[in-house]
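In the numbering used here, the protein residues as written are 30 to 216.
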């Protein structure tokens with residue numbers, strides 16, 4: 030099932046890339062900042078196949094337009110140049126597919142119950158860890174981070190290291206900390 034989903038997702042994204050490369054857009058009727066001292070502002074920008082084809086007056090943009098061009102009326106608003114960094118983490122995203130999914134947890138109780146259910150549905154070899162995560166405590170009523178004490182009672186024989194949805198916060202249970210040699214005195 031996961032492989033089918035990944036295949037379909039890849040197919041969808043590749044089609045979107047092909048579509049994006051053939052698309053033409055024209056931004057008109059705006060104050061377009063160009064970052065060019067000789068022409069600081071323009072009225073129109075035409076983009077084709079993800080490349081800027083024209084910057085200048087609306088009348089000058091007309092020769093670049095076709096029936097397929099998507100016209101975007103800026104309604105006199107300011108347009109600034111920029112790049113969009115989507116900030117993706119492909120490897121960690123794939124890693125999450127292999128571990129526990131804590132995203133559905135909307136409370137500490139649900140967080141613990143998802144872990145209990147995950148353990149109950151699997152036979153873990155002695156050296157196995159529970160990894161994954163994707164929880165978001167900001168969706169919980171009390172908005173406090175989960176602690177090792179919260180999960181120790183249900184994970185005493187299995188080391189756990191799970192990450193928050195943004196990947197910037199991790200939670201380890203007592204066994205994982207012990208195996209890593211981390212104590213309250215570890216700098």
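Glycine included, every Cβ here is placed at the ideal spot set by N, Cα and C.
Supposed close pair residue i, residue j - CB separation, criterion 8 Å
{"i": "residue 116", "j": "residue 196", "result": "At roughly 11 Å, the Cβ-Cβ gap does not stay under 8 Å, so residue 116 and residue 196 are not in contact."}
{"i": "residue 76", "j": "residue 108", "result": "That pair is no contact at about 12 Å."}
{"i": "residue 204", "j": "residue 184", "result": "7 Å"}
{"i": "residue 129", "j": "residue 159", "result": "6 Å"}
Residue i versus residue j: straight-line alpha-carbon distance, rounded
{"i": "residue 110", "j": "residue 104", "result": "17 Å"}
{"i": "residue 171", "j": "residue 179", "result": "14 Å"}
{"i": "residue 84", "j": "residue 99", "result": "16 Å"}
{"i": "residue 208", "j": "residue 114", "result": "38 Å"}
{"i": "residue 64", "j": "residue 97", "result": "28 Å"}
{"i": "residue 69", "j": "residue 78", "result": "24 Å"}
{"i": "residue 216", "j": "residue 206", "result": "13 Å"}
{"i": "residue 162", "j": "residue 212", "result": "23 Å"}
{"i": "residue 50", "j": "residue 80", "result": "With a pLDDT of 48 at residue 50, under the threshold of 50, the modelled position of this residue cannot be trusted, and the question is left open."}
Three-way DSSP call (helix, strand, coil) for residue i in this model
{"i": "residue 18", "result": "Outside the shown range of the chain, which is 30 to 216, sits residue 18, and nothing can be said about it."}
{"i": "residue 77", "result": "strand"}
{"i": "residue 185", "result": "coil"}
{"i": "residue 172", "result": "coil"}
Beta-bridge pairing of residue i - partner residues as DSSP gives them
{"i": "residue 190", "result": "160 and 201"}
{"i": "residue 61", "result": "71 and 108"}
{"i": "residue 87", "result": "Answer is none; residue 87 lacks a bridge partner."}
{"i": "residue 209", "result": "Answer is none; residue 209 lacks a bridge partner."}
{"i": "residue 54", "result": "76 and 99"}
{"i": "residue 129", "result": "161"}
Same chain, Cβ closer than 6 Å to residue i, five either side skipped, listed in chain order
{"i": "residue 134", "result": "140, 143 and 164"}
{"i": "residue 121", "result": "196"}
{"i": "residue 59", "result": "103, 106 and 108"}
{"i": "residue 177", "result": "202 and 203"}
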